[in-house]
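In this text, residue positions in the sequence shown follow our numbering: the first is 10, and each later residue adds one. Backbone N, C-alpha and C define an ideal beta-carbon position, used for all residues, glycine too.
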Amino acid sequence: MSIEKLNEILSELKRGIEELSSRSSSVVANSNVTIESITDDVRVVPEYLLSLQNTINELQKSNSELEEKRMTTKQSIDTVTTEIEINESNKTDLSEAEIKKRTYKDELDRKILEFQQKNTQLEAEFNETGALASKKEQEYNQIQIDSKEEIERLDQKIDEATARVQQAEAENKLIVYLMDAGLMDVPEAEVVSIIASYPDGLKIDEIKQKVNMPPVRVQPTINNLLETVIEYDALSDSYRILDIIKKELV
């Protein structure tokens, strides 16, 4: 594998880790916002249900009171009717009283019907709200499950990418060391990688045959690396990696 390709792989892996970490943070933030919204809805529902129940109870109480009034009115009507039969002379006045009471009774009947309809409506709303609360709770639980699974999946990808970077760094310790130290660019990395493969050193002509750069650039590149990364052995007329760097990589 060429040094340029290795650099691309390392950079891609590191970018992947950053993107996965950013995505994981975004998933956590979005999940928290959604969970907080649903939690607020779920908290409000019991209070609303209690309010509806209280209203229903009040309507039922009013309905009972109206029923009692209706019975009392009916009894009054029956009494008036009896009085009409007994007191024929007062028939006209009693008839008017009967009409008023019947009118009042009809009004009470109308109000009772309205209360019953309202009660039915509130009971339906009560049941619908209860169903909605149950649905919200299920959504809340599902979001928690989905968020946990997504975060676990992203964490696994981050761990895998990190392991690949660590493996690549372990297999190319010299290149990683020199890159982190800021001691070379891509052409220099190629020269250092080739020289490092030959512990006994390489002559300048041998290096020129193995690198991909133009031969005229080999010597200037080597000069840039002398004393910082490689050294020249005059006896063998060859170049090799500095011993101090070799010790750093052990």
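{"Item": "Would you mind stating whether residue 234 and residue 199 have Cβ atoms separated by less than 7 Å?", "Value": "no"}
{"Item": "Put residue 209 into one of helix, strand or coil per three-state DSSP.", "Value": "coil"}
{"Item": "Do residue 128 and residue 68 have their C-beta atoms closer together than 7 Å?", "Value": "yes"}
{"Item": "Please classify residue 22: is it buried, with 16 or more other beta-carbons within 10 angstroms of its beta-carbon, or exposed?", "Value": "buried"}
{"Item": "Helix or strand or just coil, what does DSSP make of residue 102?", "Value": "helix"}
{"Item": "Report, in whole angstroms, the separation of the C-beta atoms of residue 160 and residue 36, which I expect to be a contact under 8 Å.", "Value": "6 Å"}
{"Item": "Enumerate in chain order the residues of its own chain whose CB-to-CB distance from residue 231 is below 8 Å, with the five nearest sequence positions on each side excluded.", "Value": "200, 213, 216, 239 and 248"}
{"Item": "For the alpha helix (DSSP H) that residue 230 lies in, which residues bound it at each end?", "Value": "224-234"}
{"Item": "Suppose you measure from the CA of residue 13 to the CA of residue 244; what does that come to, to the nearest Å?", "Value": "33 Å"}
{"Item": "Which residues mark the beginning and the end of the beta strand (DSSP E) in which residue 247 is found?", "Value": "247-250"}
{"Item": "For residue 246, which residues of its own chain have a beta-carbon under 7 Å away from its beta-carbon, when the five flanking residues on both sides are left out?", "Value": "212"}
{"Item": "Can you check whether the CB of residue 65 is closer than 7 Å to the CB of residue 163?", "Value": "no"}
{"Item": "Whose CA, out of 229, 242, 146 and 252, lies closest to the CA of residue 45?", "Value": "146"}
{"Item": "Can you give the Cα-Cα distance for residue 165 and residue 148, rounded to whole angstroms?", "Value": "25 Å"}
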